[in-house]
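Okay, structure first, notes after.
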Amino acid sequence: MRHSTSALTLLLLSYCNQMIAADAPPTRVVVTTVTEQEVATTSIQAGVVDFDRVSAVSGETSGRVTQQHATEGALVKSGQALVKLNTDLILKDMDIKQKQRAQVSADIEKLTGTLKRLESLLATNSASRQAYDDTRFDHRSLQKKREVLDEEMARLQLQLNMSTVLAPFDGVVLEKLKELGEWIDPGVAVCKIASTDDLVIKVSISENLARYQRAGLAVPVTIPALDLKLSGTILGLVPIADLRSKSITLKIRIPYQTGMVQNMSASVEIPTSIPQTLRMLPRDALVNFKGKDFVYTIKDGKANMLPIDIVTRTGNLLGILKPPITAGMQVVVDGNDRLQPNQSVQIIEK
Numbered sequence: 002m003r004h005s006t007s008a009l010t011l012l013l014l015s016y017c018n019q020m021i022a023a024d025a026p027p028t029r030v031v032v033t034t035v036t037e038q039e040v041a042t043t044s045i046q047a048g049v050v051d052f053d054r055v056s057a058v059s060g061e062t063s064g065r066v067t068q069q070h071a072t073e074g075a076l077v078k079s080g081q082a083l084v085k086l087n088t089d090l091i092l093k094d095m096d097i098k099q100k101q102r103a104q105v106s107a108d109i110e111k112l113t114g115t116l117k118r119l120e121s122l123l124a125t126n127s128a129s130r131q132a133y134d135d136t137r138f139d140h141r142s143l144q145k146k147r148e149v150l151d152e153e154m155a156r157l158q159l160q161l162n163m164s165t166v167l168a169p170f171d172g173v174v175l176e177k178l179k180e181l182g183e184w185i186d187p188g189v190a191v192c193k194i195a196s197t198d199d200l201v202i203k204v205s206i207s208e209n210l211a212r213y214q215r216a217g218l219a220v221p222v223t224i225p226a227l228d229l230k231l232s233g234t235i236l237g238l239v240p241i242a243d244l245r246s247k248s249i250t251l252k253i254r255i256p257y258q259t260g261m262v263q264n265m266s267a268s269v270e271i272p273t274s275i276p277q278t279l280r281m282l283p284r285d286a287l288v289n290f291k292g293k294d295f296v297y298t299i300k301d302g303k304a305n306m307l308p309i310d311i312v313t314r315t316g317n318l319l320g321i322l323k324p325p326i327t328a329g330m331q332v333v334v335d336g337n338d339r340l341q342p343n344q345s346v347q348i349i350e351k
């Protein structure tokens with residue numbers, strides 16, 4: 002008797018729930034149409050952030066470091082001063098050369114006047130040809146001496162300019178190699194700089210995937226440590242394959258963002274097949290239930306849940322290869338989080 006009462010109660014509760022669902026107003030949803038597109042299947046590969054252009058910046062002259070502007074992690078612009086060397090001796094030599102030139106210029110000015118007077122006297126035979134020629138050659142000799150002093154001044158100015166080590170390109174300082182007071186010789190590196198315009202993701206991929214990678218193709222990139230999603234561009238393959246793993250390094254260029262460091266982990270979604278016709282639908286249509294992917298379609302005014310097999314993700318779109326999803330089908334993109342299978346729906350404009 003007790004079991005019969007329980008069974009009757011369950012039947013009544015089930016009937017009441019069906020009646021309530023029947024009386025409930027339709028759920029308002031927004032739908033979009035499934036399209037077809039030629040795309041390739043993709044897979045997510047792990048990689049690392051790396052700088053494709055790194056320079057061990059060195060000086061061209063010797064000297065003691067008096068200013069050090071290369072701080073590790075600092076961003077620098079092309080032509081920005083990194084290290085300055087002591088220039089006291091150079092400036093002293095330049096001062097001496099300037100005074101020597103001034104003396105020579107005064108002598109040239111004096112001989113110029115003498116030469117003009119001798120020309121006038123020579124015209125009236127009041128001066129000898131020998132005296133005139135000697136003065137003329139002395140004048141020319143002083144002019145050459147002044148030219149030599151000008152060249153020596155230019156050399157000292159060049160040496161002065163070389164006493165400041167400049168950044169060769171826009172970049173970030175990876176390592177500082179010299180401190181204040183240290184002596185450096187020509188060719189000795191003072192710091193290491195990485196170009197921020199040549200930032201790449203390096204991904205080790207199977208050689209079987211190499212034929213699907215096209216230079217210039219845009220691919221999605223994720224950097225988990227920075228919670229950053231961005232678009233990268235395939236540069237190409239490093240022309241060396243690993244003998245044991247049969248893998249090749251793929252390089253993908255990305256724009257520099259604050260906080261990116263060398264060897265930071267990244268993931269990249271790369272093509273793994275030739276382009277094929279896929280059904281494309283927005284990511285907003287995706288519903289995850291018990292670890293599986295579904296979408297809601299509309300059938301006879303009610304929600305119909307269909308399983309999907311995602312083969313690629315392109316921007317905000319999902320690529321579906323197999324049925325039951327077909328081109329032209331309408332899928333719910335807003336309101337699907339509140340739906341249940343066979344629930345009445347009302348389509349509205351977003």
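Each residue of the sequence shown is one higher than the one before, starting from 2 at the first, in the working numbering. Backbone N, C-alpha and C fix where the C-beta goes; we use that ideal spot for every residue, glycine too. Everything numeric in this text was worked out from a predicted model, so none of it was measured.
Legend entry - First and last residue of the uninterrupted alpha helix (DSSP H) at residue 107: 89–124
Inset, instruction - Whole angstroms is fine: what's the gap from residue 108's alpha carbon to residue 93's? - result: 23 Å
Legend entry - One or two residues paired with residue 317 in a DSSP bridge: BP columns for residue 317 are empty, so no partner.
Legend entry - Inter-stretch contact (C-beta, 8 Å, three-pair minimum) for the segment 33–50 and the segment 152–167: no
Inset, instruction - Locate the alpha helix (DSSP H) running through residue 142, then write down its first and last residues. - result: 130–163
Inset, instruction - Could you tell me which of 27, 103, 51 and 43 sits nearest to residue 262, measuring between CA atoms? - result: 51
Inset, instruction - Classify residue 219 as helix, strand or coil using the three-state DSSP reduction. - result: strand
Legend entry - residue 239 classed as buried or exposed, judged by whether at least 16 other C-beta atoms fall within 10 angstroms: exposed
Inset, instruction - Identify the continuous beta strand (DSSP E) that holds residue 180 and give its terminal residues. - result: From DSSP, residue 180 is part of no beta strand (DSSP E); its letter is neither H nor E.
Legend entry - Test item: CB-CB of residue 252 and residue 275 under 9 Å: no
Inset, instruction - With residue 302 as the anchor, note down where its beta strand (DSSP E) starts and where it stops. - result: Taken as a continuous stretch (DSSP letters only), residue 302 belongs to no beta strand (DSSP E), as it is neither H nor E.
Legend entry - Expected contact under 8 Å - CB spacing of residue 202 and residue 48 to nearest Å: 5 Å
Inset, instruction - Could you pull the start and end residues of the beta strand (DSSP E) that residue 61 belongs to? - result: Where residue 61 is concerned, there is no enclosing beta strand (DSSP E), given that its DSSP letter is neither H nor E.
Inset, instruction - Evaluate contact between the segment 271–289 and the segment 308–320, counting only Cβ atoms and requiring at least three cross-stretch pairs below 8 Å. - result: yes
Legend entry - Reduced DSSP secondary structure (H/G/I, E/B, other) of residue 22: The predicted model places residue 22 with a pLDDT of 47, which falls under 50 and marks its position as unreliable; any figure quoted below should be read in that light. Three-state result, residue 22: helix.
Legend entry - With 16 other Cβ atoms within 10 Å as the buried cut-off, status of residue 281: buried
Legend entry - Meets three-Cβ-pair contact criterion under 8 Å: the segment 99–106 and the segment 65–84: no
Legend entry - Of the listed residues 327, 46 and 178, nearest to residue 249 (C-alpha basis): 46
Inset, instruction - Go ahead and label residue 214 buried or exposed: buried means 16 or more other beta carbons lie within 10 angstroms of its beta carbon, across all protein chains shown. - result: buried
Legend entry - residue 169 - DSSP class collapsed to helix/strand/coil: coil
Legend entry - Minimum C-alpha distance to residue 205 - residue among 237, 115 and 290: 237
Legend entry - Member of 88, 157, 312 and 216 whose CA lies at the smallest distance from the CA of residue 95: 157
Inset, instruction - Pull up the CB-CB distance for residue 195 and residue 59, whole angstroms please, since I reckon it's below 8 Å. - result: Their Cβ separation, rounded to whole angstroms, is 16 Å, which puts residue 195 and residue 59 out of contact at 8 Å.
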